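Step one of this worksheet: look at the structure below.
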Amino acid sequence: MIDGVKTRRLVCRVDDRGYVMEILRRDDPEFIQFGQAYISTCLPGVVKAWHAHRRQTDNFCVVKGHAKIGLYDDREGSPTRGETMAIVIGEHNPMLITIPPLVWHGQMCVGTEASILVNIPTEPYNAEEPDELRRDAFDPDIGFEWFPQSK
Numbered sequence: 022m023i024d025g026v027k028t029r030r031l032v033c034r035v036d037d038r039g040y041v042m043e044i045l046r047r048d049d050p051e052f053i054q055f056g057q058a059y060i061s062t063c064l065p066g067v068v069k070a071w072h073a074h075r076r077q078t079d080n081f082c083v084v085k086g087h088a089k090i091g092l093y094d095d096r097e098g099s100p101t102r103g104e105t106m107a108i109v110i111g112e113h114n115p116m117l118i119t120i121p122p123l124v125w126h127g128q129m130c131v132g133t134e135a136s137i138l139v140n141i142p143t144e145p146y147n148a149e150e151p152d153e154l155r156r157d158a159f160d161p162d163i164g165f166e167w168f169p170q171s172k
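Taking this note's numbering, the leading residue of the sequence shown gets 22, the next gets one more, and so forth.
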């Protein structure tokens, strides 16, 4: 587990009308502050990576389909510097992933239909000065395997 990254299994409360699933509440231990909430879709086989934020903490939850979330730590002084982490989340594995500042992250849709990711970051997006650092999705310095390998 990358230092500072948190995961929490989410609970679906199901009845004969459907279900309710809480993603993030202000009394949850992962909650820092509210910046905004937004949805990001990812089409099958598409990789949307790598990016990191200087100030922002992200809170990811995939509410439709499934996505492989990739994480990479190259923070100076971090006990997990150089480590990567992958986790598939979505309808059959509902989870919240909290991603601290300067941890590189991205997503890849897993399956045959688009995934829908909800993010509740701690900062609102600023188009004039985006809090984003970017790297190529297949950066060889990271060495992350996005696509499944048959064994």
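Yeah, the Cβ is synthetic: ideal placement off N, Cα and C, and Gly gets one too. Owing to the predicted nature of the structure, the values given are computational and were not obtained by experimental measurement.
Candidates N140, G98, I53 and C82, of which the one nearest H113 by Cα: Here the closest residue by C-alpha is C82.
Beta-bridge partners of M116, as assigned by DSSP: Looking at the DSSP output, M116 bridges to R30.
H72 - partner residues in DSSP beta bridges: For H72, DSSP records a beta bridge to H126 and R155.
T101 - DSSP class collapsed to helix/strand/coil: Three-state result, T101: coil.
Distance, S61 Cα to V68 Cα: Approximately 12 Å, taken between the alpha carbons.
Enclosing beta strand (DSSP E) for D140 [first to last residue]: It should be pointed out that residue 140 corresponds to Asn in this sequence rather than to Asp. Taken as a continuous stretch (DSSP letters only), the beta strand (DSSP E) holding N140 covers S136 to N140.
Backbone CA spacing between A58 and N140 [nearest angstrom]: A58 and N140 have their C-alpha atoms some 6 Å from each other.
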